[in-house]
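Asker: Those protein sequences? They're chains A and B, same order as listed. So in our numbering the end of the first sequence lands on 304, straight run, no missing numbers. So in our numbering the end of the second sequence lands on 358, straight run, no missing numbers. No residue lacks a Cβ here, since even glycine has one placed at the ideal position from N, Cα and C. Please read through the structure below; I'll follow up with questions.
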Amino acid sequence: MAALVRSLLSGAVLSGAPLLYATLSELISQRAGIVNLGLEGVMLVGAVSGFVAASHTGSAVVAVVVAALAGGVFNLLFAYLVLARRANQLATGLALMFGGVGLSALIGVRYVGSQIAGLPELRVPILAGIPVLGPALFAHDALVYAVVPLAVLIWWVLRSTRWGLTVRAVGENPVAAFAAGRDPHVLQYQALFVAGLLGGLAGAHLSLGVARTWSEWMTAGRGFIAVALVIFARWHPLRAVGGALLFGGAISLQLSMQARGVPISPFLLDMLPYLLSLAVLAVGRGRHRHAAPGSLGRVFQGTP
Amino acid sequence: MSRSLVAILSTLALIAVAATGETADPKLKVGVVHLGSVNDGGYNQAHADGIAVMKKNLPEVEVIQVENVAEGADAERVMENMIRQGARLIFAASFGYLEPALRVAQKYPEVKFVHPGGYKRLPNLTTYWASTPEAFYLMGMAAGKTTKTNKIGYVVALPISFFLANVNAFELGARAVNPRVETRVVFTGTFLDRGKEATAANALLDQGVDVLGVIVDSPITVVQAAEKRSAYAVGFHSLAAQKFAPKGWITGVAFTWGNLYTRFARQVLDGTFKSENILGSLKDDFLTLAPFGPAVPAEAVSLVNTRKDEFAAGKAHPFQGPLRDNTGVERVKAGETFPLTDLAKMNWLVEGVIGQPR
Numbered sequence: 001m002a003a004l005v006r007s008l009l010s011g012a013v014l015s016g017a018p019l020l021y022a023t024l025s026e027l028i029s030q031r032a033g034i035v036n037l038g039l040e041g042v043m044l045v046g047a048v049s050g051f052v053a054a055s056h057t058g059s060a061v062v063a064v065v066v067a068a069l070a071g072g073v074f075n076l077l078f079a080y081l082v083l084a085r086r087a088n089q090l091a092t093g094l095a096l097m098f099g100g101v102g103l104s105a106l107i108g109v110r111y112v113g114s115q116i117a118g119l120p121e122l123r124v125p126i127l128a129g130i131p132v133l134g135p136a137l138f139a140h141d142a143l144v145y146a147v148v149p150l151a152v153l154i155w156w157v158l159r160s161t162r163w164g165l166t167v168r169a170v171g172e173n174p175v176a177a178f179a180a181g182r183d184p185h186v187l188q189y190q191a192l193f194v195a196g197l198l199g200g201l202a203g204a205h206l207s208l209g210v211a212r213t214w215s216e217w218m219t220a221g222r223g224f225i226a227v228a229l230v231i232f233a234r235w236h237p238l239r240a241v242g243g244a245l246l247f248g249g250a251i252s253l254q255l256s257m258q259a260r261g262v263p264i265s266p267f268l269l270d271m272l273p274y275l276l277s278l279a280v281l282a283v284g285r286g287r288h289r290h291a292a293p294g295s296l297g298r299v300f301q302g303t304p
Numbered sequence: 001m002s003r004s005l006v007a008i009l010s011t012l013a014l015i016a017v018a019a020t021g022e023t024a025d026p027k028l029k030v031g032v033v034h035l036g037s038v039n040d041g042g043y044n045q046a047h048a049d050g051i052a053v054m055k056k057n058l059p060e061v062e063v064i065q066v067e068n069v070a071e072g073a074d075a076e077r078v079m080e081n082m083i084r085q086g087a088r089l090i091f092a093a094s095f096g097y098l099e100p101a102l103r104v105a106q107k108y109p110e111v112k113f114v115h116p117g118g119y120k121r122l123p124n125l126t127t128y129w130a131s132t133p134e135a136f137y138l139m140g141m142a143a144g145k146t147t148k149t150n151k152i153g154y155v156v157a158l159p160i161s162f163f164l165a166n167v168n169a170f171e172l173g174a175r176a177v178n179p180r181v182e183t184r185v186v187f188t189g190t191f192l193d194r195g196k197e198a199t200a201a202n203a204l205l206d207q208g209v210d211v212l213g214v215i216v217d218s219p220i221t222v223v224q225a226a227e228k229r230s231a232y233a234v235g236f237h238s239l240a241a242q243k244f245a246p247k248g249w250i251t252g253v254a255f256t257w258g259n260l261y262t263r264f265a266r267q268v269l270d271g272t273f274k275s276e277n278i279l280g281s282l283k284d285d286f287l288t289l290a291p292f293g294p295a296v297p298a299e300a301v302s303l304v305n306t307r308k309d310e311f312a313a314g315k316a317h318p319f320q321g322p323l324r325d326n327t328g329v330e331r332v333k334a335g336e337t338f339p340l341t342d343l344a345k346m347n348w349l350v351e352g353v354i355g356q357p358r
């Protein structure tokens with residue numbers, strides 16, 4: 001039993017961490033009023049940039065920084081298109097997604113099959129010694145440790161700082177924010193850049209921490225799962241932690257069940273994460289007000 | 001512009017294209033269509049390495065390669081484009097290219113096609129593949145002698161019959177040298193999700209498995225996961241996987257297509273091409289057992305080599321009855337064997353394998 005719990009938790013954390021970075025990325029964009037369906041592309045650009053940097057410099061720190069910046073810059077392209085050019089957000093997001101798939105494949109083509117050291121495992125002294133929980137939670141890489149504090153930080157920034165409140169105001173009602181003397185577009189550029197950094201980290205964790213290899217479209221739909229998780233978390237960063245862990249845990253659970261020889265069809269088990277998500281959505285429905293930002297999907301066109 | 005004028009102009013354009021194709025370089029041009037990247041350390045790299053050997057053997061052959069081509073209409077377009085560039089031999093190097101290749105082959109009867117694993121042929125389309133269960137049986141023997149926990153894990157994309165057959169042969173080989181070995185299978189449900197492969201590998205290692213095998217396009221993620229946690233690994237597809245597990249490598253089986261591809265190209269050059277269905281085995285030069293890693297005991301190496309010779313001489317068979325599946329149902333009677341040409345019908349997992357075949 002203890003072994004199962006350890007295995008499940010450890011798997012949940014490892015599968016959940018890149019999902020949580022991606023979910024936080026989407027959450028910040030959406031709190032600023034922008035739906036970014038291009039997240040999958042941002043993650044891929046981050047994943048490949050980090051991998052290329054790791055394979056040339058051998059430094060995990062450089063690789064992670066490069067991945068985050070690449071994600072941020074790629075997301076600024078999206079920001080330019082939807083803010084300055086006023087392109088439709090959903091269509092632009094999808095185009096950017098496919099653009100990211102292609103661009104990352106192009107950059108990465110010479111790196112398929114390359115060997116990198118990847119993110120080193122950092123055992124937290126003392127804590128890693130706790131039975132069951134220690135090895136499951138405190139024997140991971142630095143990006144795993146950073147993600148939950150980051151979610152708390154984002155929650156605090158959105159709740160209590162001037163910048164966070166203004167970003168939210170822009171997402172709820174850009175006209176009001178404008179009237180209060182803020183430029184909604186500048187704030188949205190900033191928010192999308194931060195979201196891009198997080199999307200890049202999501203990709204970096206996949207290519208440098210989890211898979212330790214680069215292959216085309218290795219995000220395999222996680223960017224879209226993150227969009228769903230934002231709704232699941234009702235746009236709240238702390239609930240996103242729960243959502244990502246639950247989803248990562250469900251993936252880990254179904255693979256663990258197969259490894260333990262549970263006599264259920266692998267096809268059914270593969271549906272488990274999605275069935276679980278539906279169940280949680282159904283149970284949670286109606287108990288809280290709908291928390292979508294008021295101006296989600298619309299772009300401030302200036303005041304009349 | 002009238003419709004007929006458009007038709008005339010496009011016909012003229014087609015004739016022009018055809019004419020330049022006819023008068024192009026007299027030496028042979030071949031087109032190669034790949035499903036993935038040619039340096040994936042796996043399936044695609046095996047094909048690309050084969051093409052490289054052919055090119056070395058026949059320098060007069062010119063090669064056009066396209067990677068990452070989706071199965072379906074895209075593949076057809078790429079093949080037709082290659083033919084317009086003058087290709088006279090097309091390597092449609094993925095199982096899912098069979099239907100596109102058949103359609104293009106019907107349209108261009110003068111162009112020759114070769115397809116790995118196809119079950120339909122045309123006068124200008126040859127199919128080829130190597131039967132892998134014997135090799136998996138031998139890998140199982142080596143792994144069965146190397147494992148310390150007597151638990152082996154397999155990460156497999158999908159429960160399709162050819163993959164089930166490989167896992168079955170592996171377990172039978174392992175049991176032949178170590179009756180206590182069990183093989184646990186996890187199906188990821190996809191060929192491309194490396195994150196899921198890593199999670200599956202860890203889930204198996206958490207179950208006490210100390211040897212990991214893999215049947216997906218690129219074995220790199222799983223082989224690396226094994227090495228990282230000081231477990232052993234068996235590879236598949238390409239010999240390139242070994243460098244990812246310098247300590248834990250046991251062995252692997254790889255497709256070494258070079259000489260076969262050279263023969264195909266030579267047939268087209270000589271005009272001796274004829275449609276065949278080639279099914280090879282370890283006897284042939286296009287299926288190779290990888291070198292053994294440092295962890296494999298010498299006794300295992302000699303056992304494997306003996307059995308390999310017995311397979312080649314027809315004195316042993318990987319699916320020798322009596323065999324029961326892992327629900328206790330008898331599948332092969334005593335004294336009988338499961339024919340290697342019938343693998344498409346193997347929809348069960350043998351006793352000793354822990355997993356659900358569907």
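GLN320/B bridges to which residues according to DSSP?
Answerer: Its beta-bridge partners are THR337/B.
Asker: So with Cβ pairs under 7 Å, would you call ASP309/B a contact of chain A?
Answerer: Chain A, which has no Cβ nearer than 7 Å to the Cβ of ASP309/B, makes this no.
Asker: Kindly indicate which three-state DSSP category ARG234/A falls into: helix, strand or coil?
Answerer: The answer is coil: DSSP assigns ARG234/A none of H, G, I, E or B.
Asker: Could you check if GLY181/A is buried or exposed, using at least 16 other CB atoms within 10 Å of its CB as the buried criterion?
Answerer: Exposed is the call here.
Asker: Would you kindly work out how many angstroms separate the C-alpha atoms of ARG86/A and LEU187/A, rounded to a whole number?
Answerer: Taking the straight line from one Cα to the other gives about 16 Å.
Asker: Is there contact here, the region 86 to 101 of chain A with the region 36 to 53 of chain A, by at least three beta-carbon pairs under 8 Å?
Answerer: Yes: at least three Cβ pairs fall under 8 Å.
Asker: With 7 Å as the limit, tell me which residues of the region 207 to 240 of chain A have their beta carbon closer than that to any beta carbon of chain B; keep them in chain order.
Answerer: Flagged, chain order: VAL210, ALA211, ARG212, THR213, SER215, GLU216, TRP217, MET218 and ALA220.
Asker: Please list, in chain order, the chain B residues whose beta carbon lies closer than 9 Å to that of GLY58/A.
Answerer: Within 9 Å Cβ-Cβ: nothing; GLY58/A doesn't reach chain B, min ~16 Å.
Asker: Comparing the C-beta of GLU259/A with each C-beta of chain B, is any distance below 7 Å?
Answerer: The displayed chain sequence assigns Ala, not Glu, to residue 259/A. It does; some Cβ of chain B falls within 7 Å.
Asker: So, under 8 Å CB-CB, PRO18/A and LEU255/A are touching, yes? Tell me the CB distance rounded to an integer number of Å.
Answerer: Not really, about 16 Å apart at Cβ, beyond 8 Å.
Asker: List the endpoints of the continuous beta strand (DSSP E) containing ALA254/B.
Answerer: Per DSSP, ALA254/B belongs to the beta strand (DSSP E) from 249 to 255.
Asker: In the structure shown, what three-state DSSP assignment does LYS215/B receive?
Answerer: Sequence check: residue 215/B is Ile here, not Lys. Strand at ILE215/B.
Asker: With a cut-off of 7 Å, does the C-beta of SER37/B fall near any C-beta of chain A?
Answerer: Yes, SER37/B lies at the interface with chain A (some Cβ there is under 7 Å from its Cβ).
Asker: Is there a C-beta anywhere in chain A that falls below 7 Å from the one on ALA24/B?
Answerer: Note that ALA24/B scores a pLDDT of 44, beneath 50, so its modelled location is shaky; the value from the coordinates is reported in the next line. No, ALA24/B does not count as interfacial toward chain A.
Asker: Does THR57/A come out as helix, strand or coil in the three-state DSSP assignment?
Answerer: Three-state result, THR57/A: helix.
Asker: How long is the line joining the alpha carbons of LYS29/B and VAL111/B, rounded to whole angstroms?
Answerer: Distance between the alpha carbons of LYS29/B and VAL111/B is about 11 Å.
Asker: I need the straight-line Cα distance from LEU12/B to ARG84/B, nearest angstrom please.
Answerer: In this prediction, LEU12/B scores a pLDDT of 48, lower than 50, which makes its location untrustworthy; the coordinate-derived value is nonetheless stated afterwards. Those two C-alpha atoms are separated by around 15 Å.
Asker: For PRO246/B, go through chain A and note every residue whose CB falls closer than 8 Å to its CB, in chain order.
Answerer: None at all; the shortest Cβ gap to chain A is about 10 Å.
Asker: Quick check: SER302/B and ASP40/B, are their CB atoms within less than 7 Å of each other?
Answerer: No, the Cβ-Cβ distance between SER302/B and ASP40/B is not below 7 Å.
Asker: For the region 235 to 261 of chain B, list every residue whose C-beta sits within 8 Å of some C-beta in chain A, in sequence order.
Answerer: Taking 8 Å as the Cβ-Cβ cut-off against chain A, the residues of the region 235 to 261 of chain B that qualify are ALA240, LYS243 and PHE244.
Asker: Count the other CB atoms, across all protein chains shown, that sit within 10 Å of the CB of ASP342/B; report buried if there are 16 or more and exposed otherwise.
Answerer: Its Cβ having fewer than 16 others within 10 Å, ASP342/B is exposed.
Asker: How about ALA203/B: is its C-beta nearer than 7 Å to some C-beta of chain A?
Answerer: With 7 Å as the cut-off, ALA203/B counts as an interface residue toward chain A.
Asker: Quick check: the region 76 to 83 of chain B against the region 51 to 60 of chain B, are at least 3 beta-carbon pairs closer than 8 Å?
Answerer: Judged by Cβ distances under 8 Å, the region 51 to 60 of chain B makes no contact with the region 76 to 83 of chain B, as fewer than three pairs qualify.
Asker: From ALA70/A to VAL42/A, what does the alpha carbon distance come to, in whole angstroms?
Answerer: Their Cα atoms are separated by approximately 8 Å.
Asker: Report yes if the CB atom of ALA42/B is closer than 7 Å to the CB atom of SER238/B, and no otherwise.
Answerer: Note that residue 42/B is Gly in the sequence shown, not Ala. Contact flag set, yes.
Asker: May I ask you to report which of helix, strand or coil DSSP gives PHE264/B?
Answerer: Here PHE264/B sits in helix by DSSP.
Asker: From the DSSP output, in three-state form, read off GLY31/B for me.
Answerer: GLY31/B: strand per DSSP, three-state reduction.
Asker: Of all Cβ atoms in chain A, is any one closer than 7 Å to the Cβ of VAL186/B?
Answerer: Yes, because at least one Cβ of chain A sits closer than 7 Å to the Cβ of VAL186/B.
Asker: Kindly say whether GLN361/B, judged by its beta-carbon, lies nearer than 7 Å to any beta-carbon of chain A.
Answerer: Coverage of chain B is limited to positions 1 through 358, which leaves residue 361/B absent and any answer about it impossible.
Asker: Is it buried or exposed, LYS308/B, if we count other Cβ atoms within 10 angstroms and call 16 or more buried?
Answerer: With 16 or more other Cβ atoms within 10 Å, it is buried.
Asker: Here's a check: name, in chain order, each residue in its chain whose Cβ is nearer than 6 Å to the Cβ of PHE311/B, leaving out the five neighbours to either side.
Answerer: Same-chain partners within the cutoff: GLU134.
Asker: State the CB to CB distance for the pair LEU296/A and GLY33/A, rounded to an integer number of angstroms; the pair is presumed to be in contact (CB under 8 Å).
Answerer: Confirmed, Cβ separation roughly 6 Å.
Asker: According to DSSP, simplified to helix, strand and coil, what is THR161/A?
Answerer: Coil at THR161/A, not helix or strand.
Asker: Could you name the residues of chain B that ILE251/A contacts, counting a contact when the two beta carbons are closer than 9 Å?
Answerer: Ordered by position in chain B, the residues that pass the 9 Å Cβ test against ILE251/A are GLY195, LYS196 and THR199.
Asker: Using a C-beta to C-beta distance shorter than 7 Å, which residues of chain A count as neighbours of PRO159/B?
Answerer: The contacting residues are PRO266.
Asker: DSSP three-state label for GLN356/B, please.
Answerer: Reduced to three states, the DSSP call for GLN356/B is coil.
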